[in-house]
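Take a look at the structure below.
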Amino acid sequence: MNKTYSAKASRGKQDYNSGEIESKWPFDSAQGKQTYNPTAIESKWQAIWEKEKIFSPDLTNAQNPYYTLMMFPYPSAEGLHVGNMYAFTGADIQGRYMRMKGKDVFEPIGLDGFGIHSENYAIKVGRHPREQAKISQENFYRQLRATGNAYDWTRTLETYDADYYKWTQWIFVQMFKKGLAYRKKAQVNWCPSDLTVLADEQVIDGKCERDGSTVEKRDLEQWFFKITEYADELLNGLNQIDWPEKIKIAQKQWIGKKIGINIKYKVDDLEDTIEVFTTRPDTNFGATFIALAPEHPLALKLATAESKKDVERYINVSKKKTDQERKEDGKEKTGIFTGAYAINDLTGYKMPIWVSDFVLMEFGTGAVVGVPGHDKRDFEFAKKFGLKIIRVVVGTDRDSSDITKIEQVQEEEGRMVNSDFLNGMDIHEATIKIMDYMEEKGHGKRKVTYHLRDWLISRQRYWGPPIPMVYCSTCEKNGRGERKDMPGWWTVSEDQLPVELPDVKDWRPQGTGTSPLANHPEFYETTCPSCNSSAKRETDVSDTFLDSSWYYLRYLSIGSGGKQKNISKDIKSHQSLEIGSIGNWKFDEPYEINMVRKWCPVAIYIGGSEHSVLHLLYVRFVAMVLHDLNSPLALPFQEPFPRFYAHGLLISEGAKMSKSRGNIIVPDDYIKKFGADTLRLYLMFLGPFDHGGDFRDTGIEGMNRFVRRVWTLLTKTTDNLQLTTDRLRFMHKTIKAVSEDIESFSYNTAIARLMEWYNFISNSKYQISKMEAEVFLKLLAPFAPHLTEELWGRVSRVSKVSEVSKGIHFEEWPEYDEKYLVEDQVTVVVQVNGKRRGEVTVDSSNIDKKQEVEALARKEIEKYVKGKLVKNIIYVPGRIINFVI
RNA sequence: GCCGCGGUGGUGGAAUGGUAGACACGAGGGCCUUAAGAGCCCUUGUCCGCAAGGGCGUGGGAGUUCGACUCUCCCCCGCGGCACCA
277 MNKTYSAKAS RGKQDYNSGE IESKWPFDSA QGKQTYNPTA IESKWQAIWE KEKIFSPDLT
337 NAQNPYYTLM MFPYPSAEGL HVGNMYAFTG ADIQGRYMRM KGKDVFEPIG LDGFGIHSEN
397 YAIKVGRHPR EQAKISQENF YRQLRATGNA YDWTRTLETY DADYYKWTQW IFVQMFKKGL
457 AYRKKAQVNW CPSDLTVLAD EQVIDGKCER DGSTVEKRDL EQWFFKITEY ADELLNGLNQ
517 IDWPEKIKIA QKQWIGKKIG INIKYKVDDL EDTIEVFTTR PDTNFGATFI ALAPEHPLAL
577 KLATAESKKD VERYINVSKK KTDQERKEDG KEKTGIFTGA YAINDLTGYK MPIWVSDFVL
637 MEFGTGAVVG VPGHDKRDFE FAKKFGLKII RVVVGTDRDS SDITKIEQVQ EEEGRMVNSD
697 FLNGMDIHEA TIKIMDYMEE KGHGKRKVTY HLRDWLISRQ RYWGPPIPMV YCSTCEKNGR
757 GERKDMPGWW TVSEDQLPVE LPDVKDWRPQ GTGTSPLANH PEFYETTCPS CNSSAKRETD
817 VSDTFLDSSW YYLRYLSIGS GGKQKNISKD IKSHQSLEIG SIGNWKFDEP YEINMVRKWC
877 PVAIYIGGSE HSVLHLLYVR FVAMVLHDLN SPLALPFQEP FPRFYAHGLL ISEGAKMSKS
937 RGNIIVPDDY IKKFGADTLR LYLMFLGPFD HGGDFRDTGI EGMNRFVRRV WTLLTKTTDN
997 LQLTTDRLRF MHKTIKAVSE DIESFSYNTA IARLMEWYNF ISNSKYQISK MEAEVFLKLL
1057 APFAPHLTEE LWGRVSRVSK VSEVSKGIHF EEWPEYDEKY LVEDQVTVVV QVNGKRRGEV
1117 TVDSSNIDKK QEVEALARKE IEKYVKGKLV KNIIYVPGRI INFVI
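Quick note: to get my numbering, add 276 to the position in the first sequence (first position is 1).
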């Protein structure tokens, strides 16, 4: 399919270059100008590309769909910084390469501008979020255009558009209908500076993911998504997707599936039983105490009369502590004895029941069985309070003595001792045996636990999609509701969506545990969709991560059937939104399923790894739910991104770019001074794409020099040039290397190969032939799209008058020919005992003749071998010959 | 504590187990120029040496191999994820 370049082809093409051929593609405007003027060239081509819509594929009729997607940005803060540009450029190169390889590439862009990031920025600058969004949008799109990425500008989306968040709300409704959205009162993470609740995934080390303030616990009634119901799917799906291992591991850890057993213990002299969860029931013969979380319902109940007061005091102190304090104080274990005992059925031992805040109510059953010999925490606790310690496992250190020091606590592999019928078994065998035994005896039941918790979805903020639910107290009294388990609650019907976010003046978060919308009866007062009595809308909005959990589907559906939308102010403004359609833009479906079938799953998704357990987990969950819809809209796949590539982080002054650090670097000035092409090349040349790097502009002049030299060389193309084999070989070698490097995201080495080729031609004082120039431009095109487009017009013209060219970015990627890669002569390195002592040149045809090479090599290293016994000679054909003496 | 990734010149970084330092940046020297800038040419891991040449070199230590930046084990350092998760 692709052209193969050879000397013959080159001669054949000379005919076309009369210099008189005209093309429809506007190549002529810069004719005659000889100095490189990036500003002029870049804005010219950006305007042409967008006007001609060459990067807007025909979604319906495309033959080789290739959907390349970059995580869309939060347009908060002061604009696109070079870190964003680094990531976007790397993604764009991949897309441009695939386009030249013959794919119909769809590369959309949009803004994730709804939600807390953008709202916080609006607070900072004191502007209404909606007003700020307009400003940010304009600024971001202007900057994005200036980077020269091949975006489809006819299909942009912004998550704060009513025509987008209508469907974000629709997804919430589907969640509710499937029983996956529910409301419950729970201890939730509260960020005291954002004045809202946060999902577990948004709390890092007890601190808010965004602003680093210490997260508090509050008891609030909140909306959750039952992501836990998909825990196994989310876990198993990881085996089928081509994602970086570190991200898969992070998700796996976060899901945290553990198989263990719930064991019930009778409380001595009482009717109560205590249930504990453990993954190490094999050590149960060594169980000597029980510890309850302070919040455990039995904690106070079991306390004997004389200890009741102390237990109560302990519980109250614990409850006042934040999670953070509990963890920090936990370095020194605390606890209080209830006075009660539980019976270890295996040994008959009366285990004292304690209350301690190292036990967490949220995990397992909120109670643990203490095996101090084989768990360090249990040991610390037992040691401090003088509880019994029994060894039941002997590990690889063979220590079988009593456990008296923390270093002796044995948590790893080993064999059972002091454990009756388990003795002699290794711990894994014993685990199975004891679980079988306990289940048989009715003492316990196998249990799977997950670290993953349900996704807390509601936010007490303004700038987000209102949760599309209505609460009717009349219905609740009558026990009626859309779902039996949630009396009083009704979804807003689809034809009533979107629930529009009203413009209010008091939009700032208030910290009362409710959204600012709760102050607006004109918003929340409504009638019950079921019984018509007066009812109240939900006033919380949904988490930003819900907005971004489905956007890849929407891009495909902007413009019905792949028709392009007309960007008009009316459509963009939420006030004028009508249900139905405006122009050719359909509003009656969240995504067009036929387009989704054709283009999804996404061919390659590129983004940062900081979203490992946030966006990248949520987006998979939402896709799985949509896959399971009982509807024509059900997705035909479970995994939206079978291939994900995590780019590195570009940092500045050793830290992630952020406004608070004041180390933001914006590309604008560099683009103005050197052009986007130079900056693109410079960013990509810093190192491997998954590596990131520290942005210093010390090398950018050098890259600018390269770009200008390329310009100079390529404006002096010669048509009549007989190429030597050497030159052809270099060209083919470069084609091979650059192609492979792009495919493996080694952009830095791809650029280095092009520099080598340039050096080879220019150092030899050669002129560049037309054929070389064409290939060179094509290989450089993904990296420097404007420069190459401009030069393409000059170097190549277009071969056929009748053909309408779409420029270099739609030309075929060059293919290399193996036969040119073979060298006539090769250099064989001569080693003595593995040390390089010389080299010999051998004809390629002779590289398999060991004797001849050996004879040549011997001469080379005679002085090293003289008088020594050569024990062995290793010859690697064409590479190396090693004399072992 | 557990898991993952990394450690190569002054700097960013190259190297299917086979010539370590590609390609750049920076630095030094030269040409051009009235001058500056731009451009071009040369040198540039380190030590000894005028040179020829040689020694040493990929965080440290051992090992496998004819041969190790690359594979194995131990240790040190940096970065990232998880974490009183029972």
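Beta carbons are placed, not taken as given, at the ideal position from N, Cα and C, and that holds for glycine. A quick note: this is a predicted structure, and the numbers were derived from the prediction, not measured.
**Prompt:** Name the DSSP bridge partner or partners of Lys-812?
**Reply:** Paired residue(s): Tyr-747 and Glu-801.
**Whole-angstrom distance between Gly-740 and Phe-448, CA atom to CA atom** = So the two alpha carbons sit approximately 13 angstroms from each other.
**Item:** Those residues which DSSP pairs with Phe-613 across a bridge
**Value:** According to DSSP, which records beta bridges pairwise, Phe-613 is partnered with Trp-630.
**Prompt:** Taking the C-alpha atoms as reference points, what is the distance between Leu-335 and Leu-832?
**Reply:** Computed Cα separation, rounded: 8 angstroms.
**Asked** Under three-state DSSP, which class holds Lys-502?
**Response** When secondary structure is reduced to three states using DSSP, Lys-502 falls in the coil class, being assigned neither helix nor strand.
**Message:** Less than 8 angstroms between the beta carbons of Phe-561 and Val-668, yes or no?
**Reply:** Yes, these two residues count as a Cβ contact at 8 angstroms.
**Asked** Looking at the structure shown, is Gly-646 part of a helix, part of a strand, or coil, going by DSSP?
**Response** Three-state result, Gly-646: strand.
**Asked** With Arg-421 and Phe-1086 assumed to form a contact (beta carbons below 8 angstroms), what rounded beta-carbon distance in angstroms separates them?
**Response** Not confirmed; about 20 angstroms, so no contact.
**Identity of the residue in Asp-675, Gly-646 and Lys-753 nearest Lys-664 by Cα** = The residue from Asp-675, Gly-646 and Lys-753 with its alpha-carbon nearest to that of Lys-664 is Gly-646.
**Prompt:** Are three or more beta carbon pairs between the stretch 360–371 and the stretch 873–889 nearer than 8 angstroms?
**Reply:** Result yes; three or more Cβ-Cβ pairs closer than 8 angstroms.
**Message:** Determine whether the beta carbon atoms of Leu-822 and Ala-475 lie at a separation below 8 angstroms.
**Reply:** One thing to note: Leu-822 has its Cβ no nearer than 8 angstroms to the Cβ of Ala-475.
**Prompt:** Could you check where the alpha helix (DSSP H) with Thr-623 kicks off and where it finishes?
**Reply:** It is not in any alpha helix (DSSP H) - Thr-623 carries neither H nor E in the DSSP assignment.
**Prompt:** Run through DSSP, which three-state label would Arg-372 get?
**Reply:** Three-state DSSP puts Arg-372 in a helix.
**Limits of the unbroken alpha helix (DSSP H) element including Tyr-921** = Taken as a continuous stretch (DSSP letters only), Tyr-921 belongs to no alpha helix (DSSP H), being part of the beta strand (DSSP E) at 920–923.
**Message:** Between the alpha carbons of Lys-1111 and Arg-1155, how many angstroms are there, rounded?
**Reply:** Each residue's Cα considered, the two are about 14 angstroms apart.
**Reference His-967, options Asp-1017, Ile-708 and Phe-1021, closest by Cα** = Minimum Cα distance to His-967 is reached at Phe-1021.
**Item:** Alpha carbon of Asn-1158 to alpha carbon of Val-1108, nearest angstrom
**Value:** Roughly 6 angstroms between the two C-alpha positions.
**Request:** Tell me, to the nearest whole angstrom, how far the beta carbon of Thr-707 is from that of Asp-558; I am working on the premise that it is less than 8 angstroms.
**Result:** The C-beta distance from Thr-707 to Asp-558 rounds to 4 angstroms, short enough to meet the 8 angstroms contact threshold.
**Request:** Verify whether the separation of the beta carbon atoms of Ile-682 and Lys-652 is less than 8 angstroms.
**Result:** Yes. Within cutoff.
**Prompt:** Can we say the stretch 437–457 touches the stretch 404–419, given the rule of at least three CB pairs closer than 8 angstroms?
**Reply:** These segments do not touch.
**Asked** What's the call for Thr-697, buried or exposed, on a 16-neighbour Cβ count within 10 Å?
**Response** According to the sequence shown, residue 697 is Phe rather than Thr. The residue in question, Phe-697, is exposed, as its Cβ has fewer than 16 Cβ neighbours within 10 Å.
**Message:** Within a Cβ cutoff of 7 angstroms, which residues of the same chain sit near Gly-1170, ignoring the five residues on either side of it in sequence?
**Reply:** The structure shown does not extend to residue 1170, since the chain is modelled only from 277 to 1161, so the question has no answer here.
**Request:** Provide the residue(s) that pair with Cys-876 in DSSP beta bridges, ordered along the chain.
**Result:** DSSP output for Cys-876 lists no bridge partner at all.
**Request:** Name the one or two DSSP bridge partners that Arg-459 has.
**Result:** Within the DSSP secondary-structure output, Arg-459 pairs in a beta bridge with Trp-499.
**Request:** Identify whether Ile-537 lies in helix, strand or coil by the three-state DSSP scheme.
**Result:** Three-state result, Ile-537: strand.
**Asked** Does the Cβ of Thr-1064 have 16 or more other Cβ atoms within 10 Å, making it buried, or fewer, making it exposed?
**Response** That one is buried.
**Request:** Please list, in chain order, all residues of the same chain as Trp-1068 whose beta carbon is under 6 angstroms from its beta carbon, the five residues on each side excluded.
**Result:** Taken in chain order, the residues that qualify are Leu-1053 and Ile-1084.
**Message:** Between Arg-735 and Ile-399, how many whole angstroms is the CB-CB distance? I'm expecting something under 8 angstroms.
**Reply:** Rounded, the Cβ-Cβ distance is 14 angstroms, inconsistent with contact.
**Asked** Near Trp-783, which residues of its chain fall below 6 angstroms by C-beta distance, leaving aside the five closest residues on each side in sequence?
**Response** Taken in chain order, the residues that qualify are Tyr-738 and Pro-792.
**Item:** Span of the alpha helix (DSSP H), counted from its first residue to its last, around Gly-513
**Value:** That run of the alpha helix (DSSP H) goes 507–513.
**Request:** Could you tell me the boundaries of the alpha helix (DSSP H) in which Ser-394 lies?
**Result:** That run of the alpha helix (DSSP H) goes 392–401.
**Asked** In angstroms, rounded to a whole number, what distance separates the CA positions of Glu-509 and His-891?
**Response** Roughly 17 angstroms between the two C-alpha positions.
**Top-ranked residue by Cα proximity to Lys-812, from Val-901, Gly-513, Glu-798 and Thr-490** = Nearest option by C-alpha distance: Glu-798.
**Message:** Using 8 angstroms for Cβ pairs, my map puts Val-1106 next to Ile-1137. What's the rounded Cβ distance?
**Reply:** At roughly 5 angstroms, the Cβ-Cβ gap stays under 8 angstroms, so Val-1106 and Ile-1137 are in contact.
**Message:** Tell me the residue span of the beta strand (DSSP E) that contains Phe-561.
**Reply:** That residue, Phe-561, is in no beta strand (DSSP E); it is neither H nor E in DSSP.
**Request:** Counting only the same chain and skipping the five closest in sequence on each side, list residues whose C-beta sits under 6 angstroms from that of Gln-1043.
**Result:** Only Thr-994 meet the Cβ criterion.
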